[in-house]
Every structure is written in C-alpha cells, then in structure tokens.
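Taking the UniProt record's numbering, the leading residue of the sequence shown gets 1, the next gets one more, and so forth. We put the CB at the ideal spot given by N, CA and C, even for glycine. Let me begin by presenting the structure, written as structure tokens, before commenting on it.
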Amino acid sequence: MTSIDATYTSTDTTLEEIGMTSMQPHEEDAAERRRLIGEVEVIEQNTETSNDAQSDSMRQSGNRQEDHGETPTYQQQKKPLYGEIEFIGCIGNNAKFARIDNRTEHMELTYMMLNLTSRPNVLISVIGGEENFNMTPQLLDMLRFGLVNAAQKTDAWIITGGTNIGVAKYVGEALKYSRINSLNKKKIVAIGIAPWGVIHNKDLLEDTMENKSEPKKYKVHAEDKPNERERFLNPNHNHFILVDDGTDHQCETETDFMAKLELKYNTLFDTEIHDFKYFPVVLLVINGGPRILKRVRNALSNNIPVVIVKGSGHVADLLADAVTHAEYIDDDDNGIAIEITQKLNFEQKTHIRNKMMFTKFCETKDIDNNIKEIEACLDKFQLINIFDLGSGDQDLHSTICSAVLKAKKDMVAQLRAALLLNSIDFARSAILTADKEWEPGSLDYIMEYAMKSNKVDFVELFLDNTVNIKRFLTTQRLGKLYFDKIRWESTIWIALEQKRGITYIERVARKMSVDEVTKWTTQLSGDNNLDEYRLQCGEEETFENPFLYLLIWSILCNLHDMAKLFWRKGSDLIATALLAHALFSAMASRIKNEDTNLYENIQANGREFMELAVRLLARCYRTDKIHSRHLLIGDYVPWEKSSCILVAIKTNNQTFISTTACQDVFNNIWMGKMTQDNSNLKLLICLFIPLLIPSWVNFKNYPDVLLKEQAGKSSSLQPNQTHKTKHGFELKKCCSIAMKQIYFFYRPPVVLFLSYVISYMACLCLYSYVLISTFDQAFSVVDALLIAWVISIIVGEISQVIATRYIYNEIKLKAYLANFWNIADMIIIVMFVIGMILKLYQHKFEAARVVLSVNIMICFLRLLQMFSLDKELGPKLVMIINMICNLTSFLVIFLIFVVAYAIASHAILYPNTEISFNLLRDIFRRPYWNIYGELSLGEIEGTENCTNNVELYRNGTQPRCPSESGKYVVPVLMGVYMLMCNILLLNLLISIFSNTYQKVQENADKHWRVQRFYQIQDYITRSISVPFISFVADIIQIGLFLKDKMNQCKPGKRTSGKNVFLKPGLENIKSMIREWERSIAQDFINSIKADRESDENSVKAIPQSIKLDKIDSKMQEQQYIVPATIKDARIYHSQTEYLAQPESNPGSVTLDQRMDNIEEKLQSIDDRLKNISRELSKQFQGKKLTKEF
1 MTSIDATYTS
11 TDTTLEEIGM
21 TSMQPHEEDA
31 AERRRLIGEV
41 EVIEQNTETS
51 NDAQSDSMRQ
61 SGNRQEDHGE
71 TPTYQQQKKP
81 LYGEIEFIGC
91 IGNNAKFARI
101 DNRTEHMELT
111 YMMLNLTSRP
121 NVLISVIGGE
131 ENFNMTPQLL
141 DMLRFGLVNA
151 AQKTDAWIIT
161 GGTNIGVAKY
171 VGEALKYSRI
181 NSLNKKKIVA
191 IGIAPWGVIH
201 NKDLLEDTME
211 NKSEPKKYKV
221 HAEDKPNERE
231 RFLNPNHNHF
241 ILVDDGTDHQ
251 CETETDFMAK
261 LELKYNTLFD
271 TEIHDFKYFP
281 VVLLVINGGP
291 RILKRVRNAL
301 SNNIPVVIVK
311 GSGHVADLLA
321 DAVTHAEYID
331 DDDNGIAIEI
341 TQKLNFEQKT
351 HIRNKMMFTK
361 FCETKDIDNN
371 IKEIEACLDK
381 FQLINIFDLG
391 SGDQDLHSTI
401 CSAVLKAKKD
411 MVAQLRAALL
421 LNSIDFARSA
431 ILTADKEWEP
441 GSLDYIMEYA
451 MKSNKVDFVE
461 LFLDNTVNIK
471 RFLTTQRLGK
481 LYFDKIRWES
491 TIWIALEQKR
501 GITYIERVAR
511 KMSVDEVTKW
521 TTQLSGDNNL
531 DEYRLQCGEE
541 ETFENPFLYL
551 LIWSILCNLH
561 DMAKLFWRKG
571 SDLIATALLA
581 HALFSAMASR
591 IKNEDTNLYE
601 NIQANGREFM
611 ELAVRLLARC
621 YRTDKIHSRH
631 LLIGDYVPWE
641 KSSCILVAIK
651 TNNQTFISTT
661 ACQDVFNNIW
671 MGKMTQDNSN
681 LKLLICLFIP
691 LLIPSWVNFK
701 NYPDVLLKEQ
711 AGKSSSLQPN
721 QTHKTKHGFE
731 LKKCCSIAMK
741 QIYFFYRPPV
751 VLFLSYVISY
761 MACLCLYSYV
771 LISTFDQAFS
781 VVDALLIAWV
791 ISIIVGEISQ
801 VIATRYIYNE
811 IKLKAYLANF
821 WNIADMIIIV
831 MFVIGMILKL
841 YQHKFEAARV
851 VLSVNIMICF
861 LRLLQMFSLD
871 KELGPKLVMI
881 INMICNLTSF
891 LVIFLIFVVA
901 YAIASHAILY
911 PNTEISFNLL
921 RDIFRRPYWN
931 IYGELSLGEI
941 EGTENCTNNV
951 ELYRNGTQPR
961 CPSESGKYVV
971 PVLMGVYMLM
981 CNILLLNLLI
991 SIFSNTYQKV
1001 QENADKHWRV
1011 QRFYQIQDYI
1021 TRSISVPFIS
1031 FVADIIQIGL
1041 FLKDKMNQCK
1051 PGKRTSGKNV
1061 FLKPGLENIK
1071 SMIREWERSI
1081 AQDFINSIKA
1091 DRESDENSVK
1101 AIPQSIKLDK
1111 IDSKMQEQQY
1121 IVPATIKDAR
1131 IYHSQTEYLA
1141 QPESNPGSVT
1151 LDQRMDNIEE
1161 KLQSIDDRLK
1171 NISRELSKQF
1181 QGKKLTKEF
C-alpha cells in the first residue's frame, strides 16, 4: 500500500470521529445515539488501489505543488480535517465543516450528518446558476419566503453548492433574511457541499486540528477578490462538507458526489419501506446552464422528482416550456391522456433552439445535444413539477410536497412520504378514497412512526379507518415505543432518575418492558392497583384496554396532544382524565427545580386534563344527576375495582372533590336516608329523644319502599286468615317502619358527628374538672373514666388507620398522617400517657400537672376541627393553618434581628459575663419582651441597689449594674431595634397574613368543600361515635381485619365493612352508564370545537386592510425590517398601511399629520382588540380549553 492510499484510509476511518466530536460529549453517548438513529454500520474502504490510480494521484499532487509553490504535500493535505468556522466581517453564524475524500461511502457520510443535526423529513437539493445572475423580485420572494417556509414546515435539509456565488449565494441570503426578520426562529439546516480545491483562503482552515475547541476565523471580504477559479464559502450555511479529490480549481468535482448522495438517499427511502431513518429527495432547479441540465436528466433517470422554477431563466425556463408544450396521446377508450410523446416536434425544437441561441445558453455546436437532453428529461414527465413565479396562487411548499408524493407509485410509499411531509390532506384522501382494501397490519409501522413523531392527525386518521388498535398494540410494540422515546426525549427519564437512580434507569431502558413502565407509573400516580392491572394484562400478548396504555405512554413522553387523542378514543373518560392529571402533576413535582419551562408545560398539561374531567362531570351532572352519582361511585375505573371519587381521593385531587356533583354525593352520604332539610337542631333533639324520630325527621322515599315490601308480604297470607290478622298486621307494619326510621336515623355520619361532639365535650368537662379541683396523686373513679376515654380514642385511631384500606385497598399510614388532626390526636394520647405515668411518682407530680394541663389545651384546640363543616368558619381554619405556616418561615427572619440586638446589647451592658445556663435566658429575655412593649429602661439605666461586685451579682444578692457606655449606646440600639421589629417586620407580617387571607377568601367555597369532605371521610368508617360504646365496635373492626389477614382475603373480598364510595353495579347497568358517559363526552368535545371556532371567527372579524404578503412586498421595496416585537410590528403595519394609500393632495399633508394619522389608527386597533377581548371573556368565562381536539 502506498502512502497516499494509507492517507485515504486514515481519512475515511475518522469520519465516525468527526460526527461524534462535533455533537456528542462522550464516546459512549455517541455510540448509543448512533445505534438509536439506525445502527448504521461504517463500511470500510478498500485500501488497495490500482497502479493507474496511484500514478494519477501522484500527478495531481505534482500539479498542486506547481500551482501553489510551497503548498503542503498531498499526503499532508489529506490529514483528517474538521471543526468549526467563524465568519468574520459579515452577519452570519458559526458553521461546522469537515473535509472528506470523494470516495467516502455515503452510508458513512449519512451517519456523520445525522450526528451533526437532527434527521430531516425531506432533502431539498437546490441547483442552478453557478454564476451570479439577475434576481427578480419574484425570485427573491420565492427564496426568502417560499423556500424558507417549505423547509420550516417539512423540517427539511437544504443542500447547495455552499460557495458565495450563484444560486448558493442567493439561498444563503434568503436564509440570512429569514433568520433576522422572521418571527419564526426555527433553525433551518443548510448544508453546503463544495469542492475543497476551489475554496478561497482554505489555508485558514488547515490548522483546525491544532485546537479543535476554538472556531477558525474565515474572512469573506468584497475587496479580497479571489481569482476566477476560486470561491468563498457562503457565511449563511451552518454545515459544510468539503469534497477533496486531490485536484485544484476544478469546479465540477462535487457534482458526481452530490448526485450519488441524492440517489443513495432516494433509493434507501424507496427500498427500506419499514425504516423511517431515510428520507426522500427533491431537486429544486433555479436558472442553470448545460451542466445543470445534465444533472436534471440524471436525477430524473434515477426517479428523483424535480421542481422547476419557471421564470428564473435558462434551464428552468427551457424545461418549463418543453413540459408545457408536450403533446398528449388521448386515444384511450375513455379519452384520458395516458402518456406523452417521447420526442419534441420540429416546431417545438426550433423554438427551443432559438431560445438557446438568443439567451446564449450554450455554444452553437452543443445546442442539438442539449435538446436531446431535454427530450430525455421528458421521458420522466411525471416527475417534473412546474413552479411558476408569475402565478400568485402557487405555494412552493405545496409544490414540493406534491412532487415527492407523485414520485411514489405505491400507495404505502405515498403515505410514508405524506407522513414525513405532514401532508394530512393527501393521506386522508388516499385512505378514504382509495379503492384498495388495506391488509391487516400493512400500516402498523407507519402508525408507530406517526405516534413517535407526535403526528396526531395521522394517528387519528389511521385509528378511524385502517388500524385495529387491539391487534396493533402488543406488549412487544409498547415496550419498543417506550424504548424509542424514553431514553432521549421522555420526561419520565427526568422524573424517575431521582426515584431509582440514573444507573438503574440506563440499565432498564435497554430492556424496556411493560412491567417496568407500570411499576414506574404506580410510583408516580400513587395508585398501587395499576400494578395489579399490569399483572392481569401482562400475561397476554395484547391488551384489553389498549387506549389506557397508550394514554400513559403519551403522558410519560409528554406528548400532550397525543394523550388527548387516546383519552378521547378510550373509555371511562372522567377516570382516565383524573389519572392523566395525577401523572402530569407527579412528573412536574419531580422536575420543579430542574427545568422551569418544562415544569410549567407539564403543569399546564395536567391542569388541562383536570379541567376536562371537571367540565365533563359538570355537563353529565346537568344532564342527569342520578346517572352522575352512579358514574362517580360506580365501578367505572378500567385499571382497578374502584370509582372516580376514590381515584380523586387517592391522588388528592381537591379541585375534583370540590365540584358540585361530588358534593352532591357527599351530601347523600352525610345525611344517609334522611333529606337535606333536616336541621342540626332537630337532629340534636331527636338524638336524645328517639320517639320523635318517626314523626319529626323527614326521610327520603326509602320507608315507602319498605311499606311496599311489607304490603307484598301481606298478600301472601291466606284469605281466611286476613280478617284475623288485619289489625295485627297494620300494627306490625307501623312498628316496623318506625324501627327502620330510627335505625336509619342513627346510621348517617351526621348523627355520628353530633354524638361525637357531645360526648367529646362531656369528656373535656370531666378532664377540666379533674385538673382544676380533684387532681391529686391518688387515683379516683374519675381518673379511671378519663383513662377509659383515652383507651377508646387509641382503639378508635387504630380502627381509623385500618379503615384507610377501604379507599386505598391497603393500609396507608401516610394517608392517615396527612391529616393534621390525626397528628393532634396522637399528641393528645402520648401526652396523656406521659402525664399519668408521671403522676405515679410523688416527686414528679408537678410535672404531671404541667403535662396534663398543656395536653388539655390541645384537646380544646381539637374542637376547631368540628367547625370545618360550617361554611363561614371552615375557610377561617384554613387561613389559620396557612398563617401559621407563613409565621414559621417569617420567624427565621425575625429571629435574626432578635439575636443581633440581644447579643450586641448584652455585650455592651454586661461585658465579660460568665457562661452559665441562666445566661441564655438573660440574653433573650429583654429583647423578646421589648417586642410587646416592655422596654425595661430601669435595667438599662441601672437601679439604686445594683452593684459591680462580682460575688454579689453572681450569687444573686444584688443585680449587676450596666456599663456606663451601655447606658447611652443601648437605648439607641433599642430604638433602631424597635423600629425594625415593631414597625417594619410586624407590618410585613400583617401584609403576609392579609395576602393569605385574600387567597383563601377567593376560594373559600372550594376550601370549605374540601374540608367538609375530609370531615365526612372521618365519620363514614365509624359505626358508633360515643366513647366507651365505640370501643366495642372498634374492637370488632380490628378483629375482622385480623381475620381477613389470617385468611389472606383478596382486596374487594373483605368481610370487615364496606366502602360507601364504591357501589359495584350490574354489568348491563355499567354498560348503559358507560354509553351515556360516551355520548355526553362526544357532545362536550364537539362544544369545545365549536367554542374554538367561534374564538377564531371573532379574531378573524378584526378588520385587516393589508395582508401579510403585501406587507412583505412593501418591506422589500422600502427595505424595512420586520420588528421583533408585536408592538413594533403593529406600528410598522400602520406605517405601511398608510404608505399604501394614495394621497389626494401630496403637498398638503405634513409629516406631523401623517404621524397623527398613524396614532389614530393604532388607537383604533387597540380599542377593537380590547372590545373583542372583553366580549370573549364574557362568553367564555371559565373556559380555558381552547386547543383543538
């Protein structure tokens, strides 16, 4: 092997390094990235070359040395070269570059390019005039707006020649214009592929390898004119591939390389139909000479579509005329043109020949050959698309999409292309109007890519027409969906790396499974029954409820619009919306301090699902209250045997709990079978006088049902026995109804609450009596009653902890401790036990009194919970709790001022004080009481009986005299201290409290409803609330729980109690309720669409006297720059609007008058916008869902 060949091999093998170095911080990450984008295998180059190639290379090397004198040898110049360019002297951007061998494998180059930037959806290769040509305003507009818009909409790569001349220069200027003026800051990838040998000042790039971290400065100056055979790089491209074949000043060396690259991409897209890492190619021809004509002919022969810009001159116009005047053969039976003639007629050739001669397109001797090239292009007529600059109706983006789609003969290939180009209209027409029947699974891989690409419209189209979702979604495919999204893009990566650790996540992501994801979802949502659902479904290849799993996948990948689609397509919409809100909220809480923008985005997504659940429930409740109650407490949760209210309780969804529909359910549970019009006073009286219940308490129609049941039983009596038992039956019937009414009276939580309040206050009176009057060391009967009361409280709290399994399907100590009042109960119990133990010891008797006295304070404060049921006092309790939290954080600031003054004043007043336990008290005693107005001036100024004798003030005989300096300095310090604390900090605290009050008061009704729910939740699990008697009931509950544990009963099969928030119904009833919910949901979604359309129509109703395209045209003519802010843009629009109007008398209008007119127009626009905003806020108050469903 020669040294030259060895150098080639060295260059090729470093392309992988080029790709990784330019983007990836670590080799392992680069390798993983490479595997995920396609696992492209680097093809090694053949290191052996022929002797002829060696001699040619040596000859070329010699030519280079002759041209450049002391230019480095060819072997030196072929060293690996890549890095970053910083363009000096022009408004551009830094660009990455790499010099490669022209024999580099295109698959290897593809891998390098994909590491440089993201994968495109289409490759737009812009070819044409290689010299500067006349740019018409229409052509300039097409590049600035048409080409840029097409690239942004399709996420395309734009490939040009990369030099600062000809069409590549004009494309670069268009990109620069878009980057500066456009409000859309989406970055466009522009790649310049240029021959290394023609680059002017390429020596500036030679030493890049010395310091890769710093960009190389490259000058592009008009005064620095290169010779005719050299070109500057265009500063407006962001990537350059410099092709080196060992020659200098050869401008055509990159053409074959680009053509092969285009052919490779286009062929891979057509052949690898199940792989979306490849993309289609389209040629955009602007102007151009004979070489461009050959390039077009080669592209067409390789089935690459071409877009001809008619009106740009030369080749583009010649081809456009040829295509326009082509003749059709329409002798088909139906008279439909099926093909075009293969050759131009004499008249057309003459026209083209004359045009070539007139425009000096080529030399006269080459005209016939070029006409043959045009005829060869017409053989692929269907691949040629015309974009007419003179037509104002055409859109370049649509033309490019149409060209790519028409080039694909197979319907599946067209759908793939439509998906990449985001052409939903074509896909819809292809699926809905196609005669063919799609085979099962034929579009599954397209569906999968659409999901991963967040193409919601396509996914919805496939779901509605071709894809069977139950057959499509298997455990393997779902695992692949997670694997493809979670490692690089998903928010679950951030959310769970704190939970499990980054090492574990990296290991699991490589073998992603549904089981692992469900475990993570369980951790996020806090619903352990999702894990049970996983075990039920994980054994099967497919899923019973696929939309639920796809909803969870979309949420964890933060594909919000996709999540809404799967939510709409699924069942049990209210329950799944609650689950979605819980997952979004959990993810947001884990990234709150990581990424503020992402946190706000996820929070907004969660709020939207919350609003969906609340608004849908409100619509259901307005439609049918009875059905809504069944929907809330029925078994309508797809992943567990649960209800919507239980899901809201588990996820602590206070907004949903506070809705009117949920409150209606709570009211029914709170009052039981009694009506809502029974006052608390009436219930309290009947509590003590049960005989009043049948005649005074109003019940629902349940007693009537009992009456009918009794009447039904009476009909079974024998006829001859009826007259004997008639009076007896009526008496028995009345007694039975009365007993049932008494039973129904004592069962509801409201009666249990009233009995608990009375018994609790009685025990508090007894407790107070003992502490005040009869508290001594000897135990009495009253002490025994108090101990029995506390024991019943302990057993009741244990029973309450066990009762959490009715809601969470397991004992949740965390849920129990989340209630502040439960913690207060524990403190009461612990302090009472400590006080009674201390009472046993005579020398600890006073300590026992203190502990029990403090304990009774907490017992009295415990009464505050009972006021939470009151609509006026309930929110005030929330305010108190919030203010205490505010005060806790405020005390930190307050303590700093207190400590600062305390240390300083004591050091000045009493220097060199001996360290003792009393010193800490003495230091802070005076500053603390100063806050409340106790100034202690006598202590500061000194008393008559004070002393400076160390022995006297140490043993406490006399107080110590303050220092002389302290008498003057400390009062000044105290004044500043009082000013800061009593005026500044206390007023600040009052302001904080006022803000807290205002926030709570604004949502007072919501806070009251939430507090009321928690109060109801405390009493629904109690059978009896009277102390001592409830002890027996609680013991029974604990015994039944232990029995369940011994028998290992499954959840839902318990023998100890029932869940009032879950009422399983019959399957036919459940099916009916689900259908009813689905119909209401569909109507709800349609109303949201109608609201959105109404909003859009209101916005469109704003008068617009000038269109955006006219504004852009006026900008070009007068060289205005579009402002970056909306405010400046409005001012500019007003200016251009005025300029566009003809002046009746130009000489009579001054500049001041013009400015006044502009201000009037701006004021008019502002007034209109305010009016529309005001009307919209009235019409759509409370409606925040404006996104399209």
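#### Entry: Unbroken beta strand (DSSP E) run spanning D101, endpoints
A95 to D101 is the span of the beta strand (DSSP E), which, as asked, contains D101.
### Task
Report yes or no: do three or more beta-carbon pairs, one from the stretch 563–573 and one from the stretch 451–469, lie closer than 8 Å?
yes
### Message
If you reduce the DSSP assignment to three classes, tell me which class K380 lands in.
### Response
Three-state result, K380: coil.
### Message
If distances are taken between C-alpha atoms only, which option among V697, K485, M135 and L143 comes closest to V677?
### Response
Note that residue 677 is Asp in the sequence shown, not Val. D677 has its Cα closest to that of V697, out of V697, K485, M135 and L143.
### Query
Identify the residues that DSSP records as bridge partners of E86: which are they?
K217
### Inter-residue spacing [alpha-carbon to alpha-carbon] between G479 and L1062
33 Å
### Task
Starting from A190, follow the alpha helix (DSSP H) in both directions and report where the run begins and ends.
Careful: A190 lies outside any alpha helix (DSSP H), inside the beta strand (DSSP E) at V189 to P195.
#### Entry: Chain-order list of residues whose beta-carbon lies under 6 Å from that of K1050 (same chain, five-residue window excluded)
Note that K1050 scores 48 on pLDDT, short of 50, meaning its location in the model is unreliable; the coordinates nonetheless yield the value given after this. Answer for K1050: no residue qualifies.
### Message
Can you give me the C-alpha to C-alpha distance between R35 and K569, rounded to a whole angstrom?
### Response
With a pLDDT of 39 at R35, under the threshold of 50, the predicted position of this residue should be treated as unreliable, and no value is reported.
#### Entry: For V1060, the three-state DSSP class (helix, strand or coil)
coil
### Message
Going by DSSP in three states, D444 sits in which element: helix, strand or coil?
### Response
If DSSP states are grouped into helix, strand and coil, D444 belongs with the helices.
### Message
If the criterion is Cβ atoms closer than 8 Å, does the pair I828 and I787 meet it?
### Response
No.
#### Entry: Per DSSP, cross-strand counterpart(s) of H239
Per DSSP, K96 and I191.
#### Entry: 8 Å Cβ cutoff, I1085 in contact with chain D
Absent from the structure is chain D; it holds one protein chain and no more.
### Query
Going by Cα to Cα distance, which pick from N597, R144 and E252 is closest to W196?
E252
### Task
Can you have a look at V292 and say buried or exposed, based on whether 16 or more other CB atoms are within 10 angstroms of its CB?
Note that residue 292 corresponds to Ile in the displayed sequence, not to Val. Answer is buried; the Cβ neighbour count reaches 16.
### Query
Between Q152 and W1076, what straight-line distance do the alpha-carbon atoms span, to the nearest angstrom?
Answer to the nearest angstrom: the Cα atoms are 44 Å apart.
### Task
Please classify R510: does DSSP put it in a helix, a strand, or coil?
Its pLDDT being 37, under 50, R510 is placed unreliably in this model, and the coordinates cannot settle the point.
### Message
For I742 and I693, I'd like the C-alpha separation in whole angstroms.
### Response
6 Å
### Message
For the structure I just gave you, are there three or more beta carbon pairs, one from the stretch 186–203 and one from the stretch 238–256, closer than 8 Å?
### Response
yes
### Query
Which same chain residues, not among the five before or five after Y449, have their C-beta less than 6 Å away from its C-beta?
F276
### Task
List the endpoints of the continuous beta strand (DSSP E) containing G128.
L123 to G128
### Task
Have a look at I338 and S301 and give me their C-alpha separation to the nearest angstrom.
Because the pLDDT at I338 is just 48, under 50, the model does not fix this residue reliably, and the value given afterwards should be weighed accordingly. Answer to the nearest angstrom: the Cα atoms are 20 Å apart.
### Message
On the criterion of 16 or more Cβ atoms from any shown chain inside 10 Å, does F269 qualify as buried, or is it exposed?
### Response
buried
### Message
I need the boundaries of the beta strand (DSSP E) containing V315, first residue and last residue.
### Response
It is not in any beta strand (DSSP E) - V315 instead sits in the alpha helix (DSSP H) that spans V315 to T324.
### Task
Pull up the distance between the alpha-carbon of V122 and that of M258, whole angstroms please.
15 Å
### Query
Identify the residues that DSSP records as bridge partners of V781: which are they?
V781 is not bridged to any residue.
### Task
Kindly confirm or deny that the stretch 982–995 and the stretch 955–973 touch, where touching means at least three C-beta pairs closer than 8 Å.
no
### Task
Pick helix, strand or coil for N385, following the three-state DSSP scheme.
DSSP places N385 in strand when its eight states are reduced to three.
### Task
Return the Cβ separation of K186 and N236 in integer angstroms, given the expectation that the two are a contact with Cβ distance under 8 Å.
Taking 8 Å as the upper bound for CB-CB distance, K186 and N236 are not in contact here, some 16 Å apart.
### DSSP state of R119 mapped onto helix, strand, coil
coil
### Query
For V1060, which residues from the same chain have a beta carbon less than 7 Å from its beta carbon, with the 5 sequence-adjacent residues on both sides left out?
I669 and I1020
### Message
Which of the three DSSP states is assigned to R622 in this structure?
### Response
helix
### Query
Does the distance from the C-beta atom of V296 to that of L283 stay below 8 Å?
yes
### Query
By Cβ distance, which residues of its chain are closer than 7 Å to Q777, with the 5 residues on each side in sequence left out?
Correct list, in chain order: K839, Q842 and F845.
### Message
Give me the residue from F894, V1000, Q394 and N1068 with the minimum Cα distance to I983.
### Response
Closest option to I983, Cα to Cα, is F894.
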